[in-house]
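Chemist: My questions will all concern the structure given below.
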Amino acid sequence: MHAALAVHPASGDGAAGRLMESVAARLRPVVDRLDVLVAHTVEESRALMTDSRAAGLDVLVVLGGDGAAHQGVQFCAESGVALGLVPAGTGNDFARALGIPDRPHAAADLVARRIAEGKRRRIDLGRAGGEWFATVLCSGFDALVTERANRLTWPRGPRRYDVAILAELAAFRPRPVVLRTDVETIELDATMIAVGNTPFYGGGMPICPGADPADGLFDVTVVGDATRRDLLRMLPGVRSGDHIGHPAVRVLKASQIHLAGGDLPVYADGEPLGRLPLDVTCIPGALTVVG
Numbered sequence: 043m044h045a046a047l048a049v050h051p052a053s054g055d056g057a058a059g060r061l062m063e064s065v066a067a068r069l070r071p072v073v074d075r076l077d078v079l080v081a082h083t084v085e086e087s088r089a090l091m092t093d094s095r096a097a098g099l100d101v102l103v104v105l106g107g108d109g110a111a112h113q114g115v116q117f118c119a120e121s122g123v124a125l126g127l128v129p130a131g132t133g134n135d136f137a138r139a140l141g142i143p144d145r146p147h148a149a150a151d152l153v154a155r156r157i158a159e160g161k162r163r164r165i166d167l168g169r170a171g172g173e174w175f176a177t178v179l180c181s182g183f184d185a186l187v188t189e190r191a192n193r194l195t196w197p198r199g200p201r202r203y204d205v206a207i208l209a210e211l212a213a214f215r216p217r218p219v220v221l222r223t224d225v226e227t228i229e230l231d232a233t234m235i236a237v238g239n240t241p242f243y244g245g246g247m248p249i250c251p252g253a254d255p256a257d258g259l260f261d262v263t264v265v266g267d268a269t270r271r272d273l274l275r276m277l278p279g280v281r282s283g284d285h286i287g288h289p290a291v292r293v294l295k296a297s298q299i300h301l302a303g304g305d306l307p308v309y310a311d312g313e314p315l316g317r318l319p320l321d322v323t324c325i326p327g328a329l330t331v332v333g
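Just so you know, the sequence shown maps onto residues 43 to 333 in this note's numbering.
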């Protein structure tokens with residue numbers, strides 16, 4: 043068994059770098075070879091992963107946050123290399139969706155045990171603009187919130203999103219959007235659209251609570267023409283998934299989606315994917331994960 047541990051030392055305000063040796067120590071006893079790949083840029087990370095794959099890589103374990111996990115997904119998708127996650131970032135939404143503990147040492151022990159037992163499973167991924175995503179693609183108000191949250195240096199952790207939400211509320215207006223799926227076309231003034239392969243974004247908010255990464259379909263949460271007062275009433279329910287009962291919210295399932303309208307930013311896995319228009323496709327079983 044040839045495994046690699048990809049480490050983004052800056053993740054979680056340096057937590058990943060501090061945890062690197064202890065996580066590696068938990069993985070070494072269950073593999074024949076462990077490459078520790080320390081990267082500070084996306085380009086460096088991809089180059090190191092490619093070198094390991096050329097040597098016959100079986101499993102890539104990513105130590106970091108959702109940004110690091112996103113890079114691991116790009117590398118492992120449709121490759122046969124299994125992906126394991128040890129969360130050490132701000133949101134950790136992909137790890138949460140896979141049932142991995144939010145405590146790095148517990149997560150490393152779990153991943154090591156699953157590697158030793160040979161447990162694998164295949165899950166779906168989203169594909170948009172030439173990029174893979176594992177969690178949620180969003181456009182509209184929530185994408186603007188993510189854009190602002192990524193610029194904030196305070197507060198730390200998921201509370202950054204709460205501050206960003208309040209700031210964006212002051213300026214946002216619903217925009218005309220066309221949502222065309224493989225079964226219907228919807229034209230509306232939309233506040234936000236979230237395309238979920240898994241339920242969570244923004245540090246544990248189940249924006250698409252019914253999303254299942256093994257059913258070959260996205261769960262799409264559409265928030266129509268909502269006022270600021272509507273959003274303020276709705277937002278507390280996003281933490282529990284109760285927002286889907288609001289009259290302005292519609293949930294649908296689709297495997298292919300075309301989004302157009304407005305000059306709105308698009309984010310997936312918390313990473314920027316440009317702006318609308320965009321085509322989004324669910325690719326069944328595209329990723330093998332440890333577990």
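Idealized CB from N, CA, C, for every residue including glycine. Source: prediction; values computed, not measured.
Is Cys118 helix, strand or coil when you go by DSSP?
Modeler: Taking the first residue of the sequence shown as 1, we reach residue 118 at position 76. Of the three classes helix, strand and coil, the one that applies to Cys118 here is helix, per DSSP.
Chemist: Rounding to the nearest angstrom, what Cα-Cα distance links Phe183 and Pro255 in this structure?
Modeler: Looking up residue 183 in the sequence shown gives position 141. Looking up residue 255 in the sequence shown gives position 213. Approximately 24 angstroms, taken between the alpha carbons.
Chemist: Is the number of C-beta pairs between the stretch 277 to 287 and the stretch 137 to 151 that are closer than 8 angstroms three or more?
Modeler: Of all C-beta pairs linking the stretch 277 to 287 to the stretch 137 to 151, fewer than three are shorter than 8 angstroms, placing the two stretches out of contact.
Chemist: If you draw a straight line from the alpha carbon of Met247 to that of Ser53, how long is it in whole angstroms?
Modeler: Here residue 247 corresponds to residue number 205 of the sequence shown, with the count starting at 1. Here residue 53 corresponds to residue number 11 of the sequence shown, with the count starting at 1. One C-alpha to the other measures close to 20 angstroms.
Chemist: Using the Cβ count rule (16 or more neighbours within 10 Å means buried), how would you classify Thr269?
Modeler: Indexing the sequence shown from 1 puts residue 269 at position 227. The residue in question, Thr269, is exposed, as its Cβ has fewer than 16 Cβ neighbours within 10 Å.
Chemist: So what does DSSP say about Pro71, is it helix, strand or coil?
Modeler: Counting from 1 along the sequence shown, the entry for residue 71 is found at position 29. Correct three-state label for Pro71: helix.
Chemist: Along the chain, where does the alpha helix (DSSP H) containing Ser94 start, and where does it finish?
Modeler: Working through the sequence shown from its first residue, we reach residue 94 at position 52. Unbroken alpha helix (DSSP H) run through Ser94: 84 to 96.
Chemist: Taking the DSSP output, what are the residues bridged to Lys161?
Modeler: In the sequence shown, the residue the question calls residue 161 occupies position 119. Bridge partners of Lys161: none, in fact.
Chemist: Apart from the five residues on each side of it in sequence, which residues of its chain come closer than 6 angstroms, Cβ to Cβ, to His112?
Modeler: As a first step, residue 112 is located in the sequence shown; it is residue number 70 there, counting from the start. So the qualifying residues of the chain are Asp311, Glu313.
Chemist: Could you tell me the alpha carbon to alpha carbon distance between Gly327 and Gly258, rounded to whole angstroms?
Modeler: The sequence position of residue 327 within the sequence shown is 285, counting from 1. The sequence position of residue 258 within the sequence shown is 216, counting from 1. If you take the alpha carbons of Gly327 and Gly258, they lie about 8 angstroms apart.
Chemist: Looking only at C-alpha atoms, which of Arg317, Arg88, Leu152 sits nearest to Glu189?
Modeler: Position 147 of the sequence shown, counting from 1, holds the residue named residue 189. The option with the nearest alpha carbon to Glu189 is Arg317.
Chemist: So, is Ser181 buried or exposed, given that buried needs 16 or more other C-beta atoms within 10 angstroms?
Modeler: Residue 181 sits at position 139 when you count from the first residue of the sequence shown. Classification for Ser181: buried.
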